[in-house]
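Residue numbers (the working numbering): 57 to 207. Glycine included, each C-beta is placed from N, C-alpha and C at the ideal position. Note that the structure is predicted; figures quoted are calculated from it, not measured. Remarks on the structure that follows.
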């Protein structure tokens, strides 16, 4: 894949984040007339910008994939009330250089912890959901037990 120019790079990176071609084009420095057709010209056309976007989206999907064990570990951590760490990164739209990085922690409240517990136990089959059963035929009961009075 050939290298993107700075405007194309900025557009593609912003488009990956927002999914909005017009706003991404404006933010990348394209003129409004060009930005109005940015979806068609840059994304759908199938050129190097489109290829770059598709490649980056694949990378993001691979990085974001969680195994079942990882998902359960996170759910259990939330249910226990352990602080969850998250990171906010601000980048320069033209150079993609990191301008600011902020790491914070958040502890789930009672409601979130309870939801995490329910989710965890549902996955581990601790809860049995009610099921609606429909019978297509009316059952027939046969009295095959004789009583002493009937003889």
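Looking only at DSSP bridge pairs, what is residue 107 linked to? Partner(s): none; residue 107 has no beta bridge.
Identify the continuous alpha helix (DSSP H) that holds residue 162 and give its terminal residues.
Looking at the DSSP string, residue 162 is not in any alpha helix (DSSP H); the run it does join, the beta strand (DSSP E), is 154 to 162.
Item to complete: Look up residue 144 in the DSSP assignment and say whether it is helix, strand or coil.
Response: Strand at residue 144.
| For residue 67, does the three-state DSSP call read helix, strand or coil? | In this structure, DSSP gives residue 67 a helical state, which the three-state scheme calls helix.
**Asked** Should residue 192 be counted as a contact of the ligand HEM given a C-beta to heavy atom distance under 7 Å?
**Response** In terms of ligand content, the structure shown is empty, and the ligand HEM therefore cannot be addressed.
Three Cβ pairs or more, each shorter than 8 Å: is that satisfied between the region 71 to 85 and the region 93 to 105? Yes, the region 71 to 85 touches the region 93 to 105.
Q.
Among the candidates 134, 150, 136 and 154, whose CA atom is the shortest distance from the CA of residue 143?
A. It is 154 whose Cα lies nearest to the Cα of residue 143.
Am I right that residue 90 and residue 81 are in contact with their C-beta atoms under 8 Å? What's the rounded C-beta distance? So it is a contact: roughly 7 Å between Cβ atoms.
Are residue 152 and residue 64 close, meaning C-beta to C-beta below 8 Å?
-> In this structure, residue 64 does not lie closer than 8 Å to residue 152 by Cβ.
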